[in-house]
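Peer 1:
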Amino acid sequence: MFNLSTILEDNLRNCPDKDAFIFNDVRFSYRQINEAANRAANMLVAKGIQPGDKIALSCLNLPHFPILYYGILKTGAVVVPVNVLLKANEIGYVLNNSDAKVFLCFEGTPELPMAQEGYAGFQQAVNCEEFIPIMTKNEAPSPFPDTVTYGQLLNQQPVEFNTVQTNGHDTAVIIYTSGTTGQPKGAELSHDNLFLNANVTRRLLESTQQDTQIITLPLFHIFAMTCQLNTGVYSGETSILIPRFDPETVLGAMLKYRATIFCAVPTMYWGLLNYENENLDYNGIKENLRICLSGGASLPVQVLEDFEKKYEVPILEGYGMSEGSPVVTFNHLHKKRKPGSIGTPVWGVDVMVADQNNKPLPPGEKGQILYRGHNVMKGYYKDPHATEQAIKGGWMHSGDVGVMDEDGYFYIVDRTKDMIIRGGFNVYPREVEEVMIRHEDISLVAVIGVPDEQHGEEIKACVVLERGKQISKEEIIHWSKEHLATYKYPRIVEFMDTLPINATGKIMKNELRKMHATVDQ
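Residue numbers (the numbering used here): 13 to 533.
(1) What residues in its chain sit with their C-beta under 7 Å from that of residue 469, if we drop five residues either side in the sequence?
(2) Could you name the residues that DSSP lists as bridge partners for residue 429?
(3) Does DSSP put residue 193 in a helix, a strand or coil?
(4) Cα separation between residue 338 and residue 385?
(5) For the alpha helix (DSSP H) holding residue 261, just list the boundary residues, first then last.
(6) For residue 66, write down the residues that DSSP places opposite it in a beta bridge.
(7) Answer with buried or exposed for residue 48, where buried requires no fewer than 16 other C-beta atoms within 10 angstroms of its C-beta.
(8) Who are the Cβ neighbours of residue 528 in its own chain at under 6 Å, not counting the five residues just before and after it?
(9) Restricting to Cα atoms, I'd like to know which of 455, 427, 50, 311 is closest to residue 522.
(10) Within 8 Å, do at least three Cβ pairs link the region 273–292 to the region 222–236?
(11) What's the C-alpha gap between residue 321 and residue 29?
(12) Are at least three pairs of beta-carbons, each pair with one atom in the region 490–502 and one in the region 440–451, less than 8 Å apart?
(13) Between the Cα of residue 475 and those of 505, 359, 31, spot the shortest distance and give me the residue it belongs to.
(14) Below 7 Å between beta carbons: does that hold for residue 178 and residue 83?
(15) Helix, strand or coil for residue 13 per DSSP?
(16) Starting from the C-beta of residue 499, find all residues in its chain whose C-beta is less than 7 Å away, skip the five residues before and the five after it, and write them out in chain order.
(17) From the DSSP secondary-structure annotation, give me the bridge partner or partners of residue 463.
(18) I want to know whether the region 99–116 touches the region 52–70 - three or more CB-CB distances under 8 Å.
(19) Mind checking whether residue 381 and residue 332 have CB atoms under 7 Å apart?
(20) If you draw a straight line from the C-alpha of residue 479 to the C-alpha of residue 286, how long is it?
(21) Taking C-alpha atoms, which residue in 503, 56, 422 lies nearest to residue 357?
(22) Please tell me whether residue 293 and residue 328 are closer than 7 Å, where the distance is taken between their beta carbons.
(23) If you count every other CB in all the chains shown that lies within 10 Å of the CB of residue 62, and 16 or more means buried, which is it?
(24) How is the alpha helix (DSSP H) around residue 163 delimited, first residue to last?
(25) Rank 214, 442, 200 by C-alpha distance to the C-alpha of residue 304 and give the top, closest one.
(26) By a C-beta neighbour count over all protein chains shown, 10 Å radius and 16 as the cutoff for buried, is residue 368 buried or exposed?
(27) Skipping 5 residues on each side, what residues in its chain have a beta carbon closer than 6 Å to that of residue 407?
(28) Cβ of residue 330 versus every heavy atom of the ligand ZN: is any distance shorter than 6 Å?
(29) On the three-pair Cβ rule with 8 Å, is the region 363–377 touching the region 230–240?
(30) Just mark residue 202 as buried or exposed, buried being the case when its beta carbon has 16 or more other beta carbons within 10 Å.
(31) Using DSSP with H/G/I as helix, E/B as strand and the rest coil, what is residue 235?
(32) For residue 351, which option in 342, 41, 473, 316 has the closest C-alpha, if you only look at C-alpha atoms?
(33) Could you give the C-beta distance for residue 247 and residue 272, rounded to a whole number, given that I count them as a contact under 8 Å?
(34) With a threshold of 7 Å on Cβ separation, who are the neighbours of residue 511 within its own chain once the five nearest residues in sequence on each side are excluded?
(35) Between residue 409 and residue 402, which are expected to be in contact by the criterion C-beta below 8 Å, what is the C-beta distance as a whole number of angstroms?
(36) Is the CB-CB distance between residue 94 and residue 106 below 7 Å?
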């Protein structure tokens with residue numbers, strides 16, 4: 013018997029009065045978070061929630077998230093995290109598909125869909141039995157009139173709760189994939205999946221109660237949920253909650269709270285690397301920051317090297333996906349690190365590069381990344397066909413193209429769906445991006461394939477220039493031609509002020525393709 017919320021409750025014996033979370037300088041101890049989670053659990057049970065019921069949770073990085081996350085788990089119910097940026101119809105799909113009985117939702121600031129569309133929009137989109145607004149804004153009328161809020165409900169509940177003893181194999185979280193191909197699918201992750209992955213991450217980071225981490229990755233995403241929320245609580249760390257990434261805010265928090273750990277996606281490292289403030293005590297940050305993790309997308313080697321040089325801290329790059337809870341491989345602190353590599357398999361996980369017949373390929377040959385172990389999801393909720401396609405013979409098929417070297421280190425070449433086929437030749441965008449970002453005038457680049465009558469697909473580079481730099485498209489194309497094979501260099505270059513980035517910090521190549529199609533028309 014095991015319930016993931018045990019990792020929170022265990023801190024009542026080890027460090028009950030230690031700061032668990034800090035938000036806007038307000039401190040919440042482990043005792044306070046657990047008591048609030050108990051109140052949330054009592055509230056849900058009073059509404060008739062049973063073990064196995066699905067509870068949707070949409071919330072920014074606020075103390076409300078861990079309180080409700082662990083409160084739901086305590087009841088034996090299943091957490092269904094929902095991206096705060098989704099529109100009503102998108103949220104409706106997740107709630108309906110997951111059979112959610114309650115929707116705990118952050119009302120939002122004016123720019124978020126929740127505040128814009130209001131209660132009526134969501135009521136029309138979903139069949140969820142009950143909406144419970146997590147927070148209301150005093151300066152604007154609530155879009156949820158005549159609805160009792162989360163705070164009002166919790167105040168009525170006792171602080172004691174007898175946690176439901178679930179089985180480790182029971183579903184704890186259903187997390188929906190990004191849905192870049194077709195509708196999103198709900199990956200069912202068990203209590204054991206999430207606990208063992210948090211334990212793996214704790215060992216990677218060597219985290220203890222003495223650590224303080226910055227959480228600016230969204231907690232509704234599996235990277236932050238496992239590698240920061242669950243790992244941080246399991247280790248007894250103090251977590252600084254920041255709802256939205258901003259270089260000045262993040263660096264200021266690192267300095268103020270003497271942060272030792274930082275996890276981020278590549279675009280965040282790029283943002284910190286390019287931020288300059290002569291009044292900021294960079295040495296104070298470097299004195300405390302001891303380790304960084306990068307995941308969610310491939311980290312350009314140039315960004316990794318420049319960041320490590322500037323901040324004098326190692327970045328451990330790894331690889332994972334929602335279906336893997338998420339961690340699959342990582343570079344390890346006390347092993348040789350190879351820039352550009354996603355490292356070696358984590359404890360308890362096997363990884364191979366396979367051909368189209370699911371047979372292992374030798375070092376140096378490209379194929380699909382497959383993995384198996386304690387991290388593999390139970391399956392896609394209510395989608396046995398998709399589950400059978402993804403998990404074959406116990407091996408999870410990632411859909412990512414990779415290669416293994418002679419030392420057993422793995423490298424992601426690209427997503428299968430992002431691969432460009434130009435004139436019959438396979439072109440992997442990441443390979444092109446790694447070369448182009450080394451140009452002294454290029455700050456950030458994303459490479460996509462666009463329709464072409466002659467070659468099937470043509471290679472296009474969307475480029476953000478370094479501040480104050482000027483260079484022509486023709487010069488970039490000529491430089492690329494000198495550094496890349498004839499079939500790999502981009503024939504089309506578009507300058508952009510910024511690249512479209514989603515809530516988890518990933519560059520949205522689908523949006524770039526749509527933008528190209530719109531311009532082309």
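Even glycine gets a Cβ: it sits at the ideal position worked out from N, Cα and C.
Note that the coordinates shown come from a computational prediction; the quantities given were computed from them, not determined experimentally.
Peer 2: According to the structure data:
(1) Once the five neighbours on either side are set aside, the close Cβ partners of residue 469 are 432, 433, 434, 461, 462, 463.
(2) Answer by DSSP bridge pairing: none, since residue 429 is not bridged.
(3) Bear in mind that a pLDDT of 49 at residue 193, under 50, signals an unreliable position, so the number given afterwards is only what the model happens to contain. In this structure, residue 193 counts as coil in the three-state DSSP scheme.
(4) 12 Å
(5) 259–268
(6) Answer is 90, 112, bridged to residue 66.
(7) buried
(8) 462
(9) 427
(10) yes
(11) 37 Å
(12) yes
(13) Of 505, 359, 31, the residue nearest in Cα terms is 505.
(14) no
(15) coil
(16) Excluding sequence neighbours, residue 499 sits near 434, 435, 437, 439.
(17) 469
(18) yes
(19) In this structure, the beta-carbon distance from residue 381 to residue 332 does not fall below 7 Å.
(20) Distance between the alpha carbons of residue 479 and residue 286: 9 Å.
(21) 422
(22) no
(23) A residue is called buried once 16 or more other Cβ atoms fall within 10 Å of its Cβ, and residue 62, having fewer, is exposed.
(24) 162–166
(25) 214
(26) exposed
(27) 382, 384
(28) Among the components modelled here there is no ligand, and therefore nothing to report on the ligand ZN.
(29) No, the region 363–377 is not in contact with the region 230–240.
(30) buried
(31) helix
(32) 316
(33) With a Cβ gap of about 11 Å, residue 247 and residue 272 do not count as contacting.
(34) 456, 458, 474, 476, 519
(35) 6 Å
(36) yes
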